[in-house]
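Trainee: Here the sequence shown stands for residues -28 to -1, 1 to 972, where the numbers follow mature numbering (1 follows the signal peptide of the UniProt record, and there is no 0). Even for Gly, the Cβ is constructed at its ideal location relative to N, Cα and C.
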Amino acid sequence: MLMLIYRASLLILASSVWISLMLTNCFGCSSGPSAPTIEFEQVSYQVREPPGPDGVEALNIKVIRRGDLDRTSKIRCSTRDGSAQSGVDYNPKSRVLKFTPGMDHIMFKVEILSNEDREWHESFSLVLGPDDPVEAVLGEITTATVTILDQEAAGSLILPAPPIVVSLADYDHVQEVTKEGSKKTPSPGYPLVCVTPCDPHYPKYSVMNEHCEEAGINQTQVHFSWEVATPTDSSGARSPFETVTDTTPYTSVNHRVLDSIYFSRRFHVRCVAQARDKAGHLGTPLRSNIITIGTDSSICHTPVTTGTARGFQAQSFIATLKYLDVKHKEHPNRIHISVQIPHQDGMLPLVSTMPLHNLHFLLSESIYRQQHICSNLVTIKELQGLSESGFLDDVSYDSISLGPGYDRPYQFNPNVREAKSIQLYKHLNLKSCIWTFDAYYDMTELIDVCGGSVTADFQVRDSAQSFLTVQVPLYVSYIYVTAPRGWASLEHHTEMEFSFFYDTVLWRTGIQTDSVLSARLQIIRIFIREDGRLVIEFKTHAKFRGQFVLDHHTLPGHKSRLMAPDHLGGIEFDMQLLWSAQTFDSPYQLWRATSSYSRKDYSGEYTVFLIPCTVQPTQPWIDPGDKPLSCTAHAPEKFLVPIAFQQTNRPVPVVYSLNTEFQLCNNEKVFLLDPATADVSMAEMDYKGAFSMGQTLYGRVLWNPEQNLNAAYKLQLEKVYLCTGRDGYVPFFDPTGTLYNEGPQYGCIQPNKHLKHRFLLLDRKQPDVCDKFFHDVPFEADFASNVPELQAMAAMPGVDGFTMKVDALYKVEAGHQWYLQVIYVISPESRSSPRIQRSVTYEVSRSKRDLVDRSGRLTLDESLIYDNEGDQVKNGTNMKSLRLEVGPSATFNAHVGSSVGGGVAAVTLLVLALLASCFLFRRCRRLAKKMPKAQKTYEEYPLNTKVEVCMDKCVEKNFSTKHCTVRNVNINRNQEPNGRVKQVNLEVKLHNNLSDGTEV
């Protein structure tokens, strides 16, 4: 036992000695605590691919040694393929790195080769090993990755900072409008510009320019695109951004400037900028800040639907045809077509003598525009061989007159805007907000190319001239953006007609709305039919499973319908469902609504009621044929659509208006502004809104300040008329009947069977014949010169005005359009004698002219309408429409005629009318007999277009009953009071206005 314990003790002692010897030897070995460590300096490296087919780029990789540097260490370093291939993308390499005493690093050089193939970025690895190091240990970074950045790889180029979107008007003040706290919003009527960091207008450009040059980015090669989102709805939700893709003949969608036709009020817009390398490949896209189009910074704002994001607006345009004879300097023997169109922010006008269909393709595809030779859709270059003239002519920047309306920042700068945009917008005056297009065609082009037609053509006997009547159609569409993609059009159509003599030998030389039930309504087209009725076409996109239906048997008493505004006097619309997609899954449907009768002005907020009919989630589509759709009908959904649409006005020709303007104001301050010195434009002085109950109307006539007549001449109002038509009749002034070929028309001056009411409000020479009341409500009309508070107007030689209350007009049922007509004279200020009007008497002294023809009717001479050039005193007239707000209920309603009370009232009125007829007839006969001795005052109709006299004791002319008329009377007003009055062909007639002017 003792022997065993002794042996074990010896064994343990021997083991301890061996371990001690081993530890002692280990402290003396090279891999002790102070052994050096070898590793790569970095985990990854990047290197650009060398340019050129034979380019070689050297990359130096640092291998470092830490710890005891007194020994000599060795380690192998090798390359390994990854996505980059040795021999193609880099030269392979493997060698032993030898660290001599004192050396702490060695550079391992790798050669990168040029690869012409376009690839993504590629990489390979560097490895320390696989052999164990000598006199050293491996550190943590034993593998390094090298990425070769391909010159042509997508996304290799990136702008140093995101771009910024501002209005083109603020292009020189980007830093000011983008700083925090700036409340300036882009205008809906002016283009936007995308400013990149490489643009000199960018804030901190001096710093950014270094980065752009270092990255090799050329500002002129940057690729732009635009994204637009519709306005935020009432619940705060914003539609997703969509890329603008619809090009037009005038604009591009990949330019740094985005035209104002692509957005509207409250739209959200941003741009996307991508740098382009030398090979033309696009880099990484960067999106700009989101800007919201403002509502208060309008240039040409909508007068009816101000503040509405998606209202539709189309005011009347003016189109004229004129023949230029062979004596014309620039365009001899040509037909001059002139079109003037009022502009609204975001509007694009299309003018053509051919019908305009399929707007999307018409604007984006040139092949669809080939038939529109006489239009503003094609340029003269595109018309080579077809026509020598057009609405869009070539233009150079230097030739544009930079006057008022053409002087906004970068408006016509060819370095910023596209040439084709400048070519269009040189026709737009942003001060007067009017597009003006002029074209000059010879007769051959007008008939053979432009779609004109000859309605009368005959040779003048013994002459080389022919008499011709030509009719040319004209189609005008006002285009608005309704969504990021898609256009809405408001369409007009008119026929231009004129007659003239020409030299025969020269003939051949020459918006959308969102509803609660997740549906979307988008206006597609608004136009006036040939019979004057309004047609509205719209598209719906249901967001539920089912379809909209006109009516349904499960919902009796309800129909899909379009309801007009209340002030349109009960106008109704016939609704049609034109087409439906054959599906229940969010179908598109096309609708058409046609008005029941025609009106002059269709403006207002319309309401569309559509019946949604839902189906089960699993119910498949089956064509119902003639049977009703198998679905469940719900209460009609309501959509509000604001529309401002007027039929074409017929303005007073300048030959009668004497180049003056007739303005309405709703406050005294604007009324007394001197147009010659005021900073406000003429258009802004003119009140476009509606007058409400209790308001005072201020009307004034002024000559254009550009005429510079100073104080040499004075304008003075003589008479003011007020009238309204029946059944939408629009009074207009055409005394010769040749301008519109509808016979002589005198507006409100002369009684007319088409006029429902007509008042003479003011007469400077005979104030006692004026209409003071209507249904016992006073007009309170007066000339400004008679009102002490308005005496400041007397100091303005080219301005005269009047005031009136509008309360009396609310005594007529709603829906009537009222018109004001003024008569005035322009005469030298030095004339001390009172103005003697060119009356009938004035013409009696002209021996060679007789006012009465053989039949006893008044003849019309041009000199009666417009004075000869030698005369210093000029007669003038002008008309203006007056809008009323939807106010108190009228004295009678047109829709209660079917009631019993209405019937009784009608019978009573008829009996009274018959009694009044007898009484008036007797009274008029007495008056006729006493006529030579009467000293009563008669109403004289200015401009002497016709004389129609009503006795003072007659019943009020405008009270829809009866009045008597004395025709063909020549009264010599210049004679002494005791002088005799001459009568010619005295004729007395009794008028019955109850039957539209029937004479009894």
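TYR560 bridges to which residues according to DSSP?
Mentor: Paired residue(s): HIS513.
Trainee: Taking buried to mean at least 16 other C-beta atoms within 10 Å of its own C-beta, is residue 975 buried or exposed?
Mentor: Because the chain in this structure spans residues -28 to 972, residue 975 falls outside the shown range and cannot be described.
Trainee: Which whole-angstrom value describes the C-beta separation of SER86 and GLY27, a residue pair presumed to lie in contact below a C-beta threshold of 8 Å?
Mentor: At roughly 4 Å, the Cβ-Cβ gap stays under 8 Å, so SER86 and GLY27 are in contact.
Trainee: From the DSSP output, in three-state form, read off PRO134 for me.
Mentor: The answer is coil: DSSP assigns PRO134 none of H, G, I, E or B.
Trainee: Ignore the nearest five residues each way along the sequence and tell me which others in ASN638's own chain have a CB closer than 6 Å to its CB.
Mentor: Correct list, in chain order: TYR659.
Trainee: In angstroms, rounded to a whole number, what distance separates the CA positions of PRO506 and CYS742?
Mentor: For the sequence presented, residue 506 should be read as Leu rather than Pro. Their Cα atoms are separated by approximately 38 Å.
Trainee: Distance check for PHE384 and LEU131, CA to CA, integer angstroms please.
Mentor: Roughly 28 Å separates the two Cα atoms.
Trainee: Once DSSP output is grouped into helix, strand and coil, what is the label at SER95?
Mentor: Three-state result, SER95: strand.
Trainee: Answer with buried or exposed for ARG38, where buried requires no fewer than 16 other C-beta atoms within 10 angstroms of its C-beta.
Mentor: Exposed is the call here.
Trainee: Alpha carbon to alpha carbon, how far is LYS250 from ALA7? Give it in angstroms, no decimals.
Mentor: Roughly 52 Å between the two C-alpha positions.
Trainee: Which same chain residues end up closer than 6 Å to PHE246 when comparing Cβ atoms and leaving out the 5 residues on each side of it in sequence?
Mentor: The displayed chain sequence assigns Gln, not Phe, to residue 246. Around GLN246: HIS195, LEU254, GLY255 and PRO257.
Trainee: Could you check the C-alpha separation between GLY773 and VAL673 for me, to the nearest Å?
Mentor: Taking the straight line from one Cα to the other gives about 6 Å.
Trainee: Taking the beta carbon of ASP557 as the centre, do at least 16 other beta carbons fall within 10 Å, making it buried, or is it exposed?
Mentor: So ASP557 counts as exposed.
Trainee: Might you give, ordered along the chain, the residues of its own chain that have their beta carbon closer than 8 Å to the beta carbon of PHE755, omitting 5 neighbours on each side?
Mentor: Taken in chain order, the residues that qualify are LEU689, LEU734, ARG736, ASP772, GLY773 and PHE774.
Trainee: Between which two residues does the beta strand (DSSP E) harbouring TYR412 extend?
Mentor: That run of the beta strand (DSSP E) goes 406 to 413.
Trainee: Secondary structure at ARG306, three-state DSSP: helix, strand or coil?
Mentor: Residue state, collapsed to three classes: strand.
Trainee: Along the beta strand (DSSP E) that carries SER336, what are the first and last residues, could you check?
Mentor: No beta strand (DSSP E) contains SER336, which is instead part of the alpha helix (DSSP H) from 331 to 336.
Trainee: For residue 1044, which option in ALA291, ASP779, LYS301 and MET776 has the closest C-alpha, if you only look at C-alpha atoms?
Mentor: In the structure as shown, the chain begins at -28 and stops at 972. Residue 1044 is therefore absent and cannot be evaluated.
Trainee: So, does the stretch 200 to 216 touch the stretch 162 to 182, judging by three or more C-beta pairs under 8 Å?
Mentor: The stretch 200 to 216 is not in contact with the stretch 162 to 182.
Trainee: Is the separation between the beta-carbon of LEU293 and that of GLU469 shorter than 9 Å?
Mentor: Yes, these two residues count as a Cβ contact at 9 Å.
Trainee: Find the nearest neighbour of SER853 within the set GLY518, LEU694 and MET654, judged by alpha-carbon distance.
Mentor: Nearest option by C-alpha distance: LEU694.
Trainee: Determine the direct distance from the alpha carbon of ASP523 to that of THR710, and round the result to whole angstroms.
Mentor: Using only the alpha carbons, I get a separation of about 50 Å.
Trainee: Considering Cα atoms alone, identify which of PRO169, SER232 and ALA116 is closest to PRO160.
Mentor: When only C-alpha atoms are compared, the closest one is SER232.
Trainee: Spell out a yes or no on whether the stretch 34 to 48 and the stretch 61 to 73 are touching, meaning 3 or more CB-CB pairs, one atom from each, closer than 8 Å.
Mentor: Touching, yes, given that three or more Cβ pairs across the two stretches are closer than 8 Å.
Trainee: Return helix, strand or coil for GLU29, following the three-state DSSP convention.
Mentor: Strand, per DSSP.
Trainee: Could you tell me the distance, in whole angstroms, from the CA atom of ARG210 to the CA atom of ARG242?
Mentor: So the alpha carbons of these two residues sit roughly 14 Å apart.
Trainee: Can you have a look at SER139 and say buried or exposed, based on whether 16 or more other CB atoms are within 10 angstroms of its CB?
Mentor: When all chains shown are included, SER139 counts as buried.
Trainee: Based on Cα-Cα distance, which residue from VAL778, HIS726 and VAL692 lies nearest to GLN738?
Mentor: Closest by alpha carbon: VAL692.
Trainee: Ends of the beta strand (DSSP E) at LYS846?
Mentor: Counting along the chain, the beta strand (DSSP E) containing LYS846 begins and ends at 846 to 854.
Trainee: Would you grab the beta carbon distance between ILE496 and ALA460 for me? Rounded to a whole angstrom, and I think it's under 8 Å.
Mentor: With a Cβ gap of about 6 Å, ILE496 and ALA460 count as contacting.
Trainee: Can you tell me which residues form a DSSP beta bridge with SER139?
Mentor: In DSSP, SER139 forms a bridge with LEU164.
Trainee: May I ask you to report which of helix, strand or coil DSSP gives GLU112?
Mentor: The answer is coil: DSSP assigns GLU112 none of H, G, I, E or B.
Trainee: ASP772 by DSSP, collapsed to three states: which one?
Mentor: Of the three classes helix, strand and coil, the one that applies to ASP772 here is strand, per DSSP.
Trainee: Nearest CA to the CA of ILE120: which residue from THR223, ASP103, THR351 and ASP53?
Mentor: Looking at the Cα atoms, ASP53 is the closest of the given residues.
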